[in-house]
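Line by line, the protein sequences give chains A and B. Residue numbering for the first sequence follows numbering that gives the first Met the number 0, starting at 0 and increasing by one per position. Residue numbering for the second sequence follows numbering that gives the first Met the number 0, starting at 0 and increasing by one per position. The beta carbon of each residue, even a glycine, is placed where N, CA and C say it ideally should be.
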Amino acid sequence: MKNRYYISKKLFGDRKKLNFVSTMAYLSIFGLSIGVASLLIILSVFNGFDKIVTKIMINHDPHVRIELLNSKIENNEIENYLNSQKEIKSKSKYISGKILLNKNLINRVIELKGFEQKYLSELINLEANKNLDKKIILGISLQNQTGIDDGDSIKLISPNKLQETLLNPFYSPDFANYFVDGSFRSSNKEYDQNFAYTTIENATNIFEKKQNAGWEIKFYDIKQTEEFILKLKSKNFANVRILTWKEIHKTLFSMMQIEKWIATILILFITIVSIVSLYASISMLIKQKIRDIGTLESIGLTKKEITSIFKLIGLKISAIGISLGIILSVSIILLQQKYHLFPLDETVYIIPAIPTEMQLTDFIFVSLVSIVLSYLAIIISTRMIYKLSPATLLRWE
Amino acid sequence: MKIKLSEIKKSYSTIKNPKLEILKGINFEILQNEIITIYGPSGAGKSTLLHLVGLIDEPTSGKIYFDETDTSKLSDKEKANFRKNKIGFIFQFHHLLLEFSAVENIMLPAMINGLSKKKSFEKAKIFLDKLGLSDRQNHKPNELSGGEQQRIAIARALVNSPEIILADEPTGNLDSDNSKIVQELLFSLQKELKFSLVIVTHNMEIINSANKLVMMRDGVLQ
Numbered sequence: 000m001k002n003r004y005y006i007s008k009k010l011f012g013d014r015k016k017l018n019f020v021s022t023m024a025y026l027s028i029f030g031l032s033i034g035v036a037s038l039l040i041i042l043s044v045f046n047g048f049d050k051i052v053t054k055i056m057i058n059h060d061p062h063v064r065i066e067l068l069n070s071k072i073e074n075n076e077i078e079n080y081l082n083s084q085k086e087i088k089s090k091s092k093y094i095s096g097k098i099l100l101n102k103n104l105i106n107r108v109i110e111l112k113g114f115e116q117k118y119l120s121e122l123i124n125l126e127a128n129k130n131l132d133k134k135i136i137l138g139i140s141l142q143n144q145t146g147i148d149d150g151d152s153i154k155l156i157s158p159n160k161l162q163e164t165l166l167n168p169f170y171s172p173d174f175a176n177y178f179v180d181g182s183f184r185s186s187n188k189e190y191d192q193n194f195a196y197t198t199i200e201n202a203t204n205i206f207e208k209k210q211n212a213g214w215e216i217k218f219y220d221i222k223q224t225e226e227f228i229l230k231l232k233s234k235n236f237a238n239v240r241i242l243t244w245k246e247i248h249k250t251l252f253s254m255m256q257i258e259k260w261i262a263t264i265l266i267l268f269i270t271i272v273s274i275v276s277l278y279a280s281i282s283m284l285i286k287q288k289i290r291d292i293g294t295l296e297s298i299g300l301t302k303k304e305i306t307s308i309f310k311l312i313g314l315k316i317s318a319i320g321i322s323l324g325i326i327l328s329v330s331i332i333l334l335q336q337k338y339h340l341f342p343l344d345e346t347v348y349i350i351p352a353i354p355t356e357m358q359l360t361d362f363i364f365v366s367l368v369s370i371v372l373s374y375l376a377i378i379i380s381t382r383m384i385y386k387l388s389p390a391t392l393l394r395w396e
Numbered sequence: 000m001k002i003k004l005s006e007i008k009k010s011y012s013t014i015k016n017p018k019l020e021i022l023k024g025i026n027f028e029i030l031q032n033e034i035i036t037i038y039g040p041s042g043a044g045k046s047t048l049l050h051l052v053g054l055i056d057e058p059t060s061g062k063i064y065f066d067e068t069d070t071s072k073l074s075d076k077e078k079a080n081f082r083k084n085k086i087g088f089i090f091q092f093h094h095l096l097l098e099f100s101a102v103e104n105i106m107l108p109a110m111i112n113g114l115s116k117k118k119s120f121e122k123a124k125i126f127l128d129k130l131g132l133s134d135r136q137n138h139k140p141n142e143l144s145g146g147e148q149q150r151i152a153i154a155r156a157l158v159n160s161p162e163i164i165l166a167d168e169p170t171g172n173l174d175s176d177n178s179k180i181v182q183e184l185l186f187s188l189q190k191e192l193k194f195s196l197v198i199v200t201h202n203m204e205i206i207n208s209a210n211k212l213v214m215m216r217d218g219v220l221q
């Protein structure tokens with residue numbers, strides 16, 4: 000093996016000599032490194048977006064939501080179980096539903112959600128003991144769009160009460176009078192535009208009967224979610240639906256995942272093209288060294304040993320290409336993280352630059368795919384050596 | 000080592016002729032320390048015969064024995080071992096590896112035979128000295144004259160101390176002066192190292208110096 004490495008190094012080690020074959024080899028190295036770098040950069044950008052979206056989601060949303068299907072919030076069995084779980088950092092019962100918000104000529108259907116006050120205080124940074132009786136807190140964009148100020152009086156009516164009013168013309172609309180007690184910012188535009196929060200007591204009064212209800216739970220570590228879900232499901236609580244933070248935004252995360260894979264497959268074509276050029280380089284190298292192959296066989300090497308010399312050359316080209324690709328991608332990703340080479344308009348986006356996040360698994364995946372594809376190209380291209388006859392190769396000049 | 004060829008036939012398939020018969024039943028023996036010259040017109044099958052003896056080609060039918068070993072039963076690896084240890088080739092066109100220096104070209108068979116780089120170098124140096132090419136040790140083949148290239152090729156063939164040297168027109172590509180040098184070198188080395196020497200040639204001086212002279216025509220020995 001040592002001798003074969005020596006021969007391969009000598010046969011293809013002359014960097015000063017630039018010919019068609021070595022030019023092809025350099026192009027293969029260049030192509031492979033660009034392909035690998037593009038793949039890694041694209042994957043890291045997707046990871047970056049993924050991380051930011053996840054951060055936005057879990058910043059405001061629970062890690063696990065238990066939805067009660069019969070809308071009866073009095074479920075001591077679940078409450079007791081949740082109280083006994085040490086991994087839970089905070090939890091709250093919730094009641095939520097659509098509601099009509101009215102102030103003078105402003106009518107707006109919003110989503111009102113009531114939590115236990117302790118949980119609500121942590122969620123939107125409120126004073127823990129603040130009196131929230133007959134008060135709601137609006138999303139920042141909702142407040143801006145409606146022009147409702149802090150302390151303003153508003154009227155709220157739930158859809159079922161509104162329905163009763165519409166069905167009976169003699170029935171006077173039963174609006175609940177509330178006050179706006181500030182606003183919250185969640186970094187999720189949907190919540191900021193359409194949501195309002197209050198205490199669970201207020202929400203119970205407003206909705207009376209038809210409402211969504213359940214528990215929202217946050218852990219000390221988001222990674223505890225899966226384990227907790229398994230434990231919770233094993234309890235077989237009746238009439239509940241259990242959702243993780245990923246399932247709450249299933250469509251979004253699925254779309255992101257699909258986008259990631261489509262982009263990966265498209266960029267993979269760059270790598271495949273460079274691997275085809277690697278195949279061409281080795282094939283041409285073999286054709287250029289065809290007489291040397293005959294000579295090596297005449298002095299005692301087997302075809303298998305000669306093939307391994309050319310495989311070493313191919314592996315060297317692919318190893319250099321893949322390594323350069325990794326170095327290039329890491330450099331660009333680090334520069335992007337530090338100097339924001341590709342910035343974003345901060346008036347439009349909540350982040351200053353295209354986010355990137357390196358993941359070891361991506362590096363392993365891309366390296367393995369490139370190595371396997373390169374090795375296939377090397378094996379296919381070197382197979383022709385077995386078909387060559389040294390006697391024919393050495394016969395003529 | 001005695002090499003025996005028995006009823007050797009070799010044919011190729013071409014577009015014009017699906018069964019082009021090159022060798023038509025050759026019976027032939029090469030004894031130890033013997034110099035055999037094979038001559039004959041072009042296309043007679045001389046080089047093909049040499050390639051078969053050197054185990055870089057296979058006969059269509061017939062057997063080649065190295066002492067008692069039937070080479071048709073050898074695996075590729077075993078044949079390669081024979082070529083490594085017992086056979087040395089010298090071609091009309093030196094077939095030196097252009098990326099390797101003179102000394103590296105000579106070292107190569109020794110390294111392939113399992114010798115360390117250092118020992119191979121020492122062995123190659125002995126041959127370079129013997130052939131008067133010490134000052135050319137680090138020159139690449141294209142920096143050497145035709146005669147020097149062929150002398151390096153001779154050293155490469157001899158570095159593993161083979162029992163037989165197969166030379167295919169070794170002076171065919173040289174001018175008369177270099178041709179004489181190479182010829183004298185080959186014969187003196189044969190005398191010194193006592194290997195069998197089979198030379199395919201048109202060179203009359205070589206033909207006249209052989210122990211055994213074989214004329215080949217139309218695939219048969221005459």
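Counting every other CB atom within 10 Å of its CB across the protein chains shown gives residue 339 of chain A a total below 16, marking it as exposed. Within 7 Å of the CB of residue 50 of chain B, the CB atoms of chain A belong to 390, in sequence order along the chain. If you draw a 10 Å sphere on the C-beta of residue 118 of chain B, you find fewer than 16 other C-beta atoms in it, and that means exposed.
In this structure, DSSP gives residue 183 of chain B a helical state, which the three-state scheme calls helix. Judged by DSSP in its simplified three-state form, residue 148 of chain A adopts coil rather than helix or strand. Excluding five sequence positions before and after residue 166 of chain B, the CB atoms of its chain that fall closer than 6 Å to its own CB belong to 89, 198, given in chain order. Excluding sequence positions up to five before and after residue 236 of chain A, its CB lies within less than 6 Å of the CB of 77, all in the same chain and listed in chain order.
The beta-carbon distance between residue 169 of chain B and residue 299 of chain A, rounded to whole angstroms, is 20 Å. This is too long to meet the 8 Å contact definition. In the DSSP assignment, residue 215 of chain A is bridged to A:64, A:91.
Put simply, the backbone Cα of residue 31 of chain B is about 35 Å away from that of residue 308 of chain A.
With respect to the C-alpha of residue 117 of chain A, the residue from A:63, A:199, A:68 having the closest C-alpha is A:199. Residues of chain A whose Cβ lies closer than 9 Å to the Cβ of residue 135 of chain B do not exist, since the nearest Cβ in that chain is about 18 Å away. Excluding residues up to 5 positions away in sequence, 81, 216, 218 lie with their Cβ nearer than 7 Å to the Cβ of residue 87 of chain A in the same chain. Residue 179 of chain A and residue 135 of chain A do touch by the CB rule: their CB atoms are close to 6 Å apart, below 8 Å. Within the stretch 298-312 of chain A, 298, 299, 300, 301, 302, 303, 304 place their CB atoms closer than 9 Å to a CB of chain B, listed in sequence order.
Taking a Cβ-Cβ threshold of 8 Å, the residues of chain A close to residue 53 of chain B are 297, in chain order. Interface flag for residue 5 of chain A against chain B is set, since a Cβ pair is found closer than 9 Å.
For residue 382 of chain A, the closest Cβ of chain B is not nearer than 9 Å. Taking 9 Å as the CB threshold, residue 22 of chain A stays off the interface with chain B. Sixteen is the threshold: when 16 or more other Cβ atoms of the shown chains lie within 10 Å of the Cβ of residue 214 of chain A, as they do, the residue is buried. Interface flag for residue 46 of chain A against chain B is unset, since no Cβ pair is found closer than 9 Å. Counting along the chain, residue 5 of chain B sits inside the beta strand (DSSP E) bounded by residues 2-11. Interface residue (Cβ-Cβ distance to chain B less than 9 Å): residue 315 of chain A is not classified as such. The beta carbon of residue 387 of chain A sits no closer than 9 Å to any beta carbon of chain B. Shown here, residue 195 of chain B sits in a strand according to DSSP, grouped into three states. In this structure, the alpha-carbon of residue 176 of chain A lies about 6 Å from that of residue 153 of chain A. Secondary structure note for residue 195 of chain A: its beta strand (DSSP E) is the uninterrupted segment 194-198.
In the three-state DSSP reduction, residue 98 of chain A falls in the strand class (E or B). Between the alpha carbons of residue 241 of chain A and residue 234 of chain A lies a distance of about 12 Å. Around the beta carbon of residue 52 of chain B, 16 or more other beta carbons lie within 10 angstroms, which makes this residue buried. Chain B places a beta carbon closer than 9 Å to that of residue 11 of chain A, counting this residue as a contact. Taking the Cβ atoms as the reference, residue 98 of chain A lies roughly 5 Å from residue 111 of chain A, within the contact range of under 8 Å.
Here the alpha carbons of residue 330 of chain A and residue 109 of chain A stand approximately 47 Å from one another. Legend: CB atoms of the stretch 57-78 of chain B lying less than 7 Å from CB atoms of chain A belong to residues 75, 76. Assignment of residue 150 of chain B by DSSP, reduced to helix, strand and coil, places it in the helix class.
Following the DSSP letters along the chain, one finds residue 284 of chain A in no beta strand (DSSP E) but inside the alpha helix (DSSP H) bounded by residues 249-287.
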